[in-house]
Structures are given as structure tokens and as C-alpha cells.
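J.:
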Amino acid sequence: DSGVTQTPKHLITATGQRVTLRCSPRSGDLSVYWYQQSLDQGLQFLIHYYNGEERAKGNILERFSAQQFPDLHSELNLSSLELGDSALYFCASSGRDSGNTIYFGEGSWLTVV
Amino acid sequence: AQSVAQPEDQVNVAEGNPLTVKCTYSVSGNPYLFWYVQYPNRGLQFLLKYITGDNLVKGSYGFEAEFNKSQTSFHLKKPSALVSDSALYFCAVRDMNNNAGNMLTFGGGTRLMVKP
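Those protein sequence lines, which keep their order, are chains A and B. Each step along the first sequence adds one to the number in the numbering used here, with nothing skipped, and position 48 is 117. Each step along the second sequence adds one to the number in the numbering used here, with nothing skipped, and position 83 is 84.
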């Protein structure tokens with residue numbers, strides 16, 4: 070168990086809809102990362118937050134947004150969903166005591182139909 | 002920019018034999034290197050990392066990896082493979098001099114199949 074918790078584990082939704090994925094980082098970790106894993110594009114970095122502030126953006130679509138709250142949990146919002154957004158979305162966290170290691174949650178499986 | 006290459010989509014090995022999963026990287030500065038494993042329908046589990054120091058690093062489940070700066074490689078090894086090692090393995094790199102963020106860049110993954 071990495072200590073990173075993601076909900077929901079699975080969700081199925083229709084095209085055009087909006088979903089929110091939630092992540093609780095390991096206790097004390099200030100950094101939260103979001104990654105997308107799809108069959109055709111592998112593991113893609115989406116965004117990094119540190120203590121509530123955006124630190125880096127990767128290949129994140131404009132239809133997607135994220136935030137990190139004062140209690141350090143994070144949410145990834147996906148809107149106007151398309152079939153191609155179907156993927157496994159990972160949250161990960163790191164902190165001062167992790168020695169540069171980033172720990173991943175179990176992921177949220179999103180299926181867009 | 003940083004990048005990782007895992008040249009083999011799949012590695013097949015017999016149980017009890019040594020295994021190697023290859024990884025090469027490219028960063029502008031000094032690298033932090035990582036290996037993760039993903040079992041079916043599971044998340045990414047951290048195996049081991051190289052930050053600095055000894056080029057041979059040991060990790061979980063008997064795995065080890067050797068950092069080779071001249072060849073920009075970080076191959077994953079295990080002396081004796083188990084059927085339970087069958088999984089998807091990812092190599093990842095972070096440029097320690099990258100002040101834009103701490104994100105990892107992953108290779109495409111290598112599927113390890115260990116046959117009895």
C-alpha cells in the first residue's frame with residue numbers, strides 16, 4: 070500500500086459529460102502529480118501541484134483541470150469527455166521524507182462510452 | 002527535455018534464470034532514475050531508485066539495477082526470475098537540475114513474462 074488513495078476506482082460515463090477524480094496523498098506529502106496511462110500513449114504526465122500551487126504542466130488538455138486544496142487532497146476535473154479520454158488516471162505524491170521517490174495510487178479507471 | 006527508452010516491448014525468461022530489462026535515458030543534467038512495476042489491474046509500485054553514490058542499487062523483491070553514466074543506461078536485473086515477477090516494468094527519469102518541476106518521465110514499459 071503506497072498510502073496514496075484515489076477515488077473512484079472505476080467509472081463509466083458518456084461522451085460530453087464531466088467527471089471529477091479525487092486523490093488523497095500520503096500523509097505529509099506536499100506534492101501531488103497526475104498521470105494518464107493509455108494504451109496508445111503510455112504514461113503521460115499531466116500536472117504537478119505543490120502545497121496548493123501549480124508547479125508544472127505536462128500534456129494536459131484544456132478540457133482538463135486540477136487543483137490542490139488546503140488539506141492537500143487534489144481533484145482532477147475532466148470535462149466534455151471524448152472516447153479517447155478513456156484511460157487509467159494515476160495520482161502520485163512525494164514529500165520531504167520520501168527521498169525523491171514518487172509514490173503512486175492504484176488509479177482511477179475511466180471509460181467513456 | 003528528458004526522455005527514457007525501453008527498447009524491448011517484452012522480455013521472456015524461464016523461471017530460475019537471470020533476467021535483464023533494459024533502459025536508457027536522456028537528460029540535460031544529472032539524473033534521478035527509477036524503476037516501477039505494474040501488476041494487472043494495479044497501480045505502479047516503486048521498486049528502486051538511483052540518486053547518487055554506488056552505481057549498483059538494490060530494491061524490492063530481489064531486484065537490482067546498475068547505473069552506467071557513460072552508456073546512459075539503468076538496466077533492471079534479477080539473478081533468478083520467479084513466475085510471480087511477470088508484470089509490466091517502467092523505467093523513469095527526473096532531471097535533478099530541472100527547476101520547472103519534479104515530474105518523472107517514463108519509458109514505454111516492458112512486459113516481463115516468466116515461464117515455469
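Every residue, glycine too, gets a C-beta built ideally from N, C-alpha and C.
For B/S85, name the three-state secondary structure that DSSP assigns.
T.: Your numbering for residue 85 of chain B matches position 84 in the second sequence. Looking at B/S85 - three-state DSSP - the assignment turns out to be helix.
J.: Grab the span of the beta strand (DSSP E) containing A/H107 for me, first residue to last.
T.: By one-based count along the first sequence, residue 107 of chain A stands at place 38. Here residue 107 of chain A is Ser; the residue named in the question, His, does not match the sequence. From DSSP, the beta strand (DSSP E) with A/S107 extends over 100-107.
J.: Kindly list, in the order they appear in chain B, the residues whose Cβ is closer than 7 angstroms to that of A/S134.
T.: For the purposes of this step, residue 134 of chain A is taken as residue 65 along the first sequence, with counting starting at 1. None at all; the shortest Cβ gap to chain B is about 17 angstroms.
J.: Touching or not, the stretch 90-109 of chain A and the stretch 2-13 of chain B, by the rule of three or more beta carbon pairs under 8 angstroms?
T.: They do not touch, by the three-pair rule.
J.: What residues in its chain sit with their C-beta under 8 angstroms from that of B/T21, if we drop five residues either side in the sequence?
T.: Residue numbering aside, residue 21 of chain B sits at position 20 when the second sequence is read from its first letter. The residues are V12, H76, L77, K78.
J.: Kindly indicate if chain A contains any beta-carbon less than 8 angstroms away from that of B/N47.
T.: If you number the second sequence from 1, residue 47 of chain B lands on position 46. According to the sequence provided, residue 47 of chain B is Phe. The question's Asn does not apply to it. Output row for B/F47: interface = yes.
J.: Taking the beta strand (DSSP E) that A/Q113 falls in, what are its first and last residues?
T.: Sequence index remark: in the first sequence, residue 113 of chain A carries index 44 (1-based). First-last of the beta strand (DSSP E) with A/Q113: 111-119.
J.: Looking only at its own chain, which residues have a Cβ that is under 6 angstroms from the Cβ of A/L157, when we skip the five neighbours before and after it?
T.: By one-based count along the first sequence, residue 157 of chain A stands at place 88. Once the five neighbours on either side are set aside, the close Cβ partners of A/L157 are Q106, G176, W178.
J.: Give the interface partners of B/L105 over in chain A, defined as CB-CB distance under 9 angstroms, in chain order.
T.: In the second sequence, the residue the question calls residue 105 of chain B occupies position 104. Ordered by position in chain A, the residues that pass the 9 angstroms Cβ test against B/L105 are Y102, Y104, L112, F114, A161, I171.
J.: Can you name, in chain order, every residue of its own chain whose Cβ lies under 8 angstroms from the Cβ of A/S155, other than the five neighbours on each side?
T.: As a first step, residue 155 of chain A is located in the first sequence; it is residue number 86 there, counting from the start. Excluding residues within five positions, the ones whose Cβ falls inside 8 angstroms are S107, L179, T180, V181.
J.: In angstroms with no decimal places, state the Cα-to-Cα distance between A/T74 and A/G174.
T.: To locate residue 74 of chain A, count along the first sequence from 1; it is residue 5. To locate residue 174 of chain A, count along the first sequence from 1; it is residue 105. One C-alpha to the other measures close to 6 angstroms.
J.: Any idea if B/G106 is buried or exposed, counting beta-carbon neighbours within 10 angstroms, 16 or more meaning buried?
T.: The residue you call residue 106 of chain B lines up with position 105 of the second sequence. Position check: residue 106 of chain B holds Thr in this sequence, whereas Gly was assumed. B/T106 is buried by the Cβ-count criterion.
J.: Is B/F141 close to chain A, meaning its C-beta is less than 8 angstroms from at least one C-beta of that chain?
T.: Because chain B spans 2 through 117 in this model, residue 141 of chain B falls outside it and cannot be assessed.
J.: For chain A, find out if any of its Cβ atoms is closer than 8 angstroms to the Cβ of B/K78; answer yes or no.
T.: Residue numbering aside, residue 78 of chain B sits at position 77 when the second sequence is read from its first letter. Cβ-Cβ to chain A under 8 angstroms: no for B/K78.
J.: For chain B, find out if any of its Cβ atoms is closer than 8 angstroms to the Cβ of A/G72; answer yes or no.
T.: Residue numbering aside, residue 72 of chain A sits at position 3 when the first sequence is read from its first letter. Not closer than 8 angstroms to any Cβ of chain B, the Cβ of A/G72 fails to qualify, so no.
J.: Where do the N-terminal and C-terminal ends of the beta strand (DSSP E) with B/P32 fall, by residue?
T.: By 1-based counting over the second sequence, the position of residue 32 of chain B is 31. Run containing B/P32: 32-39, per the beta strand (DSSP E) assignment.
J.: Does the beta carbon of B/R112 sit closer than 8 angstroms to a beta carbon anywhere in chain A?
T.: Position 111 of the second sequence, counted from the start, is the residue given in the question as residue 112 of chain B. False, the Cβ-Cβ gap to chain A never drops below 8 angstroms.
J.: Could you check the C-alpha separation between A/G97 and A/D166 for me, to the nearest Å?
T.: Taking the first residue of the first sequence as 1, we reach residue 97 of chain A at position 28. Taking the first residue of the first sequence as 1, we reach residue 166 of chain A at position 97. Their Cα atoms are separated by approximately 8 angstroms.
J.: Are the CB atoms of B/K50 and B/F35 nearer to each other than 8 angstroms?
T.: Within the second sequence, the letter at position 49 stands for residue 50 of chain B. Within the second sequence, the letter at position 34 stands for residue 35 of chain B. In this structure, B/F35 lies closer than 8 angstroms to B/K50 by Cβ.
J.: List the residues that DSSP assigns as beta-bridge partners of A/S143.
T.: Working through the first sequence from its first residue, we reach residue 143 of chain A at position 74. According to DSSP, which records beta bridges pairwise, A/S143 is partnered with A/C92, A/Q137.
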